[in-house]
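Down below is the structure, laid out as structure tokens.
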Amino acid sequence: MNLPIGELARRTGVKVPTIRFYEQIGLIAAPPRTEGNQRRYGKAEIDRLNFIRHARELGFEVDHIRELLVMSQEPQASCHQADSIAKSHLREVDRRIERLQALRGELSRMIDECGHGRICDCRIIEVLADHRQCVSEHVA
Numbered sequence: 001m002n003l004p005i006g007e008l009a010r011r012t013g014v015k016v017p018t019i020r021f022y023e024q025i026g027l028i029a030a031p032p033r034t035e036g037n038q039r040r041y042g043k044a045e046i047d048r049l050n051f052i053r054h055a056r057e058l059g060f061e062v063d064h065i066r067e068l069l070v071m072s073q074e075p076q077a078s079c080h081q082a083d084s085i086a087k088s089h090l091r092e093v094d095r096r097i098e099r100l101q102a103l104r105g106e107l108s109r110m111i112d113e114c115g116h117g118r119i120c121d122c123r124i125i126e127v128l129a130d131h132r133q134c135v136s137e138h139v140a
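Quick note on full-length UniProt numbering: the sequence shown kicks off at 1 and runs consecutively.
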């Protein structure tokens with residue numbers, strides 16, 4: 001394969017500026033270039049970008065993706081570290097869900113308490129203006 005960056009982007013669903021960014025930060029190696037200085041990519045880059053895209057869709061941070069990519073190059077090694085990274089990420093996802101559920105509860109309460117009248121009597125505006133009226137702590 002000898003793909004230009006636009007075709008690589010199309011095949012992987014990763015935008016061209018993102019591919020360039022991944023090259024800059026070392027997630028993918030700088031590819032060979034043509035005499036016209038155009039980047040050319042092969043199957044290895046497609047596979048690597050698909051890995052990166054999927055990991056990003058699952059919410060993994062770039063540093064963890066970098067570690068996971070290194071691990072993927074040693075298929076016979078223990079997966080303990082990969083497991084540890086995934087467990088840590090799952091704990092963070094659970095914390096986010098908990099915060100979002102509290103946020104949802106607070107928003108529902110505000111909406112339920114709103115009299116649907118005029119702004120001067122609006123419970124939503126009142127609560128937003130005074131955080132002390134919230135029943136739960138919430139940080140999105």
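We treat Cβ as the ideally placed atom computed from N, Cα and C, and that holds for glycine.
What does DSSP give as the partner residue(s) for residue i in the beta ladder?
| i | result |
| --- | --- |
| Y22 | Beta-bridge pairing links Y22 to no other residue. |
| L3 | Y41 |
| R33 | R39 |
Among the options, which one has its Cα closest to the Cα of residue i?
| i | options | result |
| --- | --- | --- |
| V14 | I46, E126, R39 and C79 | I46 |
| L8 | F60, S108, I111 and P31 | P31 |
| L58 | N37, L90 and R40 | L90 |
| Q81 | H64, S108 and I125 | H64 |
| I19 | N50, E35 and N2 | N50 |
| R33 | S108, G26, G117 and I5 | I5 |
| G26 | P75, E67, R40 and E98 | E67 |
| Q73 | R40, R48 and E92 | R48 |
| S108 | I124, V93, D94 and R95 | I124 |
With 16 as the cutoff for other CB atoms within 10 Å, does residue i come out buried or exposed?
| i | result |
| --- | --- |
| R104 | exposed |
| R10 | exposed |
| L100 | exposed |
| T12 | buried |
| M110 | buried |
| V127 | buried |
| residue 149 | The shown model of the chain, from 1 to 140, leaves out residue 149, and the question about it has no answer. |
| I119 | exposed |
| R132 | exposed |
Could you pull the start and end residues of the alpha helix (DSSP H) that residue i belongs to?
| i | result |
| --- | --- |
| V127 | R123 to A129 |
| G59 | Counting along the chain, G59 falls outside any alpha helix (DSSP H), and DSSP gives it neither H nor E. |
| I111 | H80 to E113 |
Any chance the segment 81-100 sits against the segment 54-70, with 3 or more Cβ pairs inside 8 Å?
Yes, the segment 81-100 touches the segment 54-70.
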